[in-house]
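Under our numbering, the sequence shown has -8 at position 4, and the numbering climbs by one with no breaks.
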Amino acid sequence: MDQLIIFGPPGVGKGTQAELLSTSLNLFHLSTGEVLRKAVTEGTDLGNKAKAIMESGSLVPDDVMIGIVKEALTTNKNQNGFILDGFPRTIAQAESLSNIFKDLKYENVKVINLIAGTEELVKRLLKRGRSDDTEETIRQRLKIYYDATEPVKDYYDKQGNVIDIKGEGSKDEIFGYITKALSV
Ligand code: AP5
Ligand code: MG
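Shown next as structure tokens:
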């Protein structure tokens, strides 16, 4: 049973590679960004709360995100495996996730850490043009990534379960690097 977290800065290809992995390995793909964007489109309470935060490039509060992930992982516990995309993004989220994994008896979690240079990230996001892909919001998302999210990598490095993957090259090349690294 594959228990995966895909990690890295905005635009590095987490969603793209998570989609390919979830299809090929038959995994439950949980993208917290997608959950929030769907809530915004549907105009739910969560969406109304998250909209302005996402447009500014800031983070939705930890307690809200932890609740969403806990419920989704618990509900989908009997699936073939999972890949988390966009979570955890703070140390508090990572610590709560460790407790959720303990409760669900997930003991073999691997973190795929995608790496790409800032210039490449900005270029990709400007080209995509999602509503949070304006220059100002991208700058804020990157700042928050380096301030609040990058320390999460150290948290997992200490547990020794991080797989570093080069995130530049074609989508298929990167998918190849990941599947190769997972099979060893
Ligand atoms: P989220 O949706 O998670 O956005 P993100 O982390 O900023 O990352 P992106 O989705 O922009 O990039 P990605 O790494 O998935 O790359 P992608 O595959 O799309 O979060 C959005 C917001 O929601 C946050 O800012 C926050 O407000 C809130 N939020 C979400 N989770 C939260 C949490 N846990 N806590 C608090 N708040 C939370 O690729 C990017 C582009 O590049 C695409 O156009 C793609 O086609 C292209 N591309 C991909 N791979 C390649 C390649 N190899 N070569 C060239 N182009 C490529
Ligand atoms: Mg994404």
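For glycine and all other residues, C-beta sits at the position ideal for the given N, C-alpha and C.
Closest Cα partner of residue i within the set the options
{"i": "LEU177", "options": "SER12, ASN96, PHE70 and ARG127", "result": "As shown, the chain starts at -11 and ends at 172. That puts residue 177 outside it, with no answer to give."}
{"i": "GLU43", "options": "THR125, GLU138 and GLY164", "result": "THR125"}
{"i": "LYS98", "options": "THR167, GLU7, THR11 and GLY(-1)", "result": "THR167"}
{"i": "GLN147", "options": "LYS58, ALA82 and GLY(-4)", "result": "ALA82"}
{"i": "THR137", "options": "ASP(-10), LEU(-8), LEU13 and PRO(-3)", "result": "PRO(-3)"}
{"i": "ASP(-10)", "options": "GLY(-1), LYS131, PHE16 and GLU7", "result": "PHE16"}
Buried versus exposed call for residue i [16 or more other C-beta atoms within 10 Å across all chains shown]
{"i": "PRO76", "result": "buried"}
{"i": "ARG116", "result": "exposed"}
{"i": "ILE78", "result": "Per the sequence shown, the amino acid found at residue 78 is Thr instead of Ile. Label assigned to THR78: buried."}
As assigned by DSSP and simplified to three states, the class of residue i
{"i": "ASP172", "result": "According to the sequence shown, residue 172 is Val rather than Asp. Coil, per DSSP."}
{"i": "LEU8", "result": "helix"}
{"i": "VAL48", "result": "coil"}
{"i": "ASP(-10)", "result": "strand"}
{"i": "ASP135", "result": "helix"}
{"i": "SER19", "result": "strand"}
C-beta contact flag for residue i and residue j at 7 Å
{"i": "LEU24", "j": "ALA38", "result": "yes"}
{"i": "ASN101", "j": "VAL48", "result": "no"}
Any 3 or more C-beta pairs closer than 8 Å across the region 37 to 57 and the region 0 to 17: Taking one beta carbon from each stretch, the region 37 to 57 and the region 0 to 17 have fewer than 3 pairs nearer than 8 Å; the two do not touch.
Given 8 Å, three or more beta-carbon pairs between the region 18 to 28 and the region 57 to 72: They touch, by the three-pair rule.
Three CB pairs or more closer than 8 Å across the region 126 to 145 and the region 25 to 33: These segments do not touch.
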